[in-house]
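FYI, the numbering for the sequence shown is 1 to 367, going by the working numbering.
One structure is given below, encoded as structure tokens.
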Amino acid sequence: MIVAKILVFHLCAIQPFGTQGDADQYHAYALGLDEVAYTAWPPALRFLRSTGRYSREGIAWVLLGLNILAIPALTAFAVIRRDMMPESRRSAAWAVVVLVSLYPALYFYALDIYRDEFMMFVFVLGLSCTRRMLDEGLRRWVRWSWALLWMACAGMLYTLRPYLGAAFLVALPGALLFDFSRARLWRWGLVYLASLNLAFALGWLDRVAVHYRAIFATFDGDTTIGIVFDSPWAFLVQFIRSWLYQMLGLYFPTGVSWLPFFLESVSLIAASCWLLRNRRYADRYVGFLVVFFFAYATVWLLGNDNLGAAVRLRMFNYVTVLVACRVVWGNRAQMVFLKSCNDSAEPAQLGRQFSADDDDTAAVLKQ
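Written out as structure tokens, the structure is:
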């Protein structure tokens, strides 16, 4: 797998994918040919050039290294717990490593100087910190050390994509209020939709759902969906359409659009259904992941109207579902194992009790 990724990168990177896209704009800014920068990524590239350490191909190789090694390893670290058995730890880690390594969209954005690969690296590092922070039995200074690194990751995400960092920050206190394992999801769903509809009717979402979304109306192409939020009465219908088309990939304007649906969306739908069926095994960390999923998705589903951009934006949602499913799988396996141990211990305990009773009877008869 690693050899195949490096070979594809060597043959295809930069030239075919680096035309008329964000990567070209980042490169132009780094060279001083462009002065428009909306995030911290282009200034970071320019800083590297000012120190003599910038190379478009070199940065792309670094991002490929993050894709091959760092991101899968950190995602696995975000799944395992301190008290997991060695066998469970290894199986959980390798399962996540393989699935993340096979994620096609994540690999695509490692073929040039896109910021998405670095953002994913910071994101899974933040998830690893969250996993350690919520572990039981940690000393206070250790927990605070992880918390400081977690805040640094959240701040970095905010500079790279503000609503991504904001959703990451909101998810932690939200997880303390939302118990995914016991919550009545239909009530939370009604509150979620009603709150969004009310906020749109009051004009609080116009900056994202109206003004920013209007940018996509000027683009020509088959991947522009054409969803418009122009009425409070039709808002929920259009928002649900945005969920179906962009998050689940149920929009096929071209023949190529079927490819990400089968490679990515089918897995997401199956994983989400499994997670809902087994949510009784969820812990507070899974609650954090669920809150982040909806907080982040809400913003970009309101603001984005392009299917190609949706594939790029939803990577963080897909990785979140993957981590949540693997955590729930581990919790479920551990509970089943403990239950089987308790069941097998009961006959042995009864046997010891009968043996003690026989000894007492023999002592009485002997007297």
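Virtual Cβ for every residue (Gly too), placed ideally from N, Cα, C.
None of these values were measured; they are calculated from a predicted model.
Which of helix, strand or coil DSSP assigns to residue i
{"i": "N278", "result": "coil"}
{"i": "N306", "result": "strand"}
{"i": "L250", "result": "coil"}
{"i": "R139", "result": "coil"}
{"i": "T361", "result": "Because T361 carries a pLDDT of 39, less than 50, the predicted location of this residue cannot be relied on, and the following value inherits that uncertainty. Of the three classes helix, strand and coil, the one that applies to T361 here is helix, per DSSP."}
{"i": "L157", "result": "helix"}
{"i": "G18", "result": "Only weak support is given to the placement of G18: the predicted model assigns it a pLDDT of 40, under 50, and the value that follows is read from those uncertain coordinates. It is coil, neither helix nor strand."}
{"i": "R312", "result": "helix"}
{"i": "L350", "result": "At L350 the pLDDT is 45, less than 50, meaning the model places this residue with poor confidence; the figure from the coordinates comes in the next sentence. Helix at L350."}
{"i": "G52", "result": "coil"}
{"i": "E35", "result": "coil"}
{"i": "A30", "result": "helix"}
{"i": "D112", "result": "coil"}
{"i": "W146", "result": "helix"}
{"i": "H10", "result": "Residue placement at H10 is flagged as unreliable, the pLDDT there being 48, under the threshold of 50; a coordinate-derived value is accordingly withheld."}
{"i": "Y318", "result": "helix"}
{"i": "Q367", "result": "Per-residue confidence for Q367 stands at a pLDDT of 41, beneath the threshold of 50, marking its modelled position as unreliable; the derived number appears in the next sentence. DSSP places Q367 in coil when its eight states are reduced to three."}
{"i": "I215", "result": "helix"}
{"i": "F292", "result": "helix"}
{"i": "Y103", "result": "coil"}
Cβ-Cβ distance between residue i and residue j below 8 Å
{"i": "D135", "j": "R81", "result": "yes"}
{"i": "F200", "j": "R213", "result": "no"}
{"i": "A376", "j": "L289", "result": "With the chain covering only 1 through 367, there is no way to say anything about residue 376."}
{"i": "F121", "j": "I71", "result": "yes"}
{"i": "A92", "j": "V100", "result": "no"}
{"i": "L236", "j": "L193", "result": "yes"}
{"i": "P42", "j": "A60", "result": "no"}
{"i": "Y245", "j": "T130", "result": "no"}
{"i": "I113", "j": "L66", "result": "no"}
{"i": "N306", "j": "T224", "result": "yes"}
{"i": "R115", "j": "T39", "result": "yes"}
{"i": "F123", "j": "F252", "result": "no"}
{"i": "H27", "j": "R53", "result": "no"}
{"i": "S128", "j": "L74", "result": "yes"}
Identified DSSP bridge partners for residue i
{"i": "T224", "result": "N306"}
Anticipated Cβ contact below 8 Å, residue i with residue j, distance rounded
{"i": "V321", "j": "A271", "result": "5 Å"}
{"i": "R241", "j": "I227", "result": "6 Å"}
{"i": "N278", "j": "R332", "result": "6 Å"}
{"i": "M247", "j": "Y281", "result": "24 Å between Cβ atoms; not a contact."}
{"i": "A105", "j": "E264", "result": "7 Å"}
{"i": "G330", "j": "M84", "result": "7 Å"}
{"i": "V97", "j": "A76", "result": "5 Å"}
{"i": "M153", "j": "L125", "result": "Going by the sequence as given, residue 153 is Cys instead of Met. Yes, they are in contact, since the Cβ atoms of C153 and L125 sit about 5 Å apart, within 8 Å."}
{"i": "G287", "j": "F180", "result": "4 Å"}
{"i": "L138", "j": "A110", "result": "Their Cβ separation, rounded to whole angstroms, is 34 Å, which puts L138 and A110 out of contact at 8 Å."}
Proximity test, residue i beta-carbon vs the ligand NAP heavy atom, cut-off 7 Å
{"i": "A199", "result": "With respect to the ligand NAP, the structure shown offers nothing to examine, as it has no ligands at all."}
C-beta neighbour in chain C for residue i, strict 8 Å
{"i": "F168", "result": "Absent from the structure is chain C; it holds one protein chain and no more."}
- Query: Looking at C-beta atoms only, is the number of pairs between the stretch 156-163 and the stretch 248-261 that lie closer than 8 Å three or more?
  - Reply: no
- Message: Would you call the stretch 168-178 in contact with the stretch 290-298, where contact means no fewer than 3 C-beta pairs closer than 8 Å?
- Response: yes
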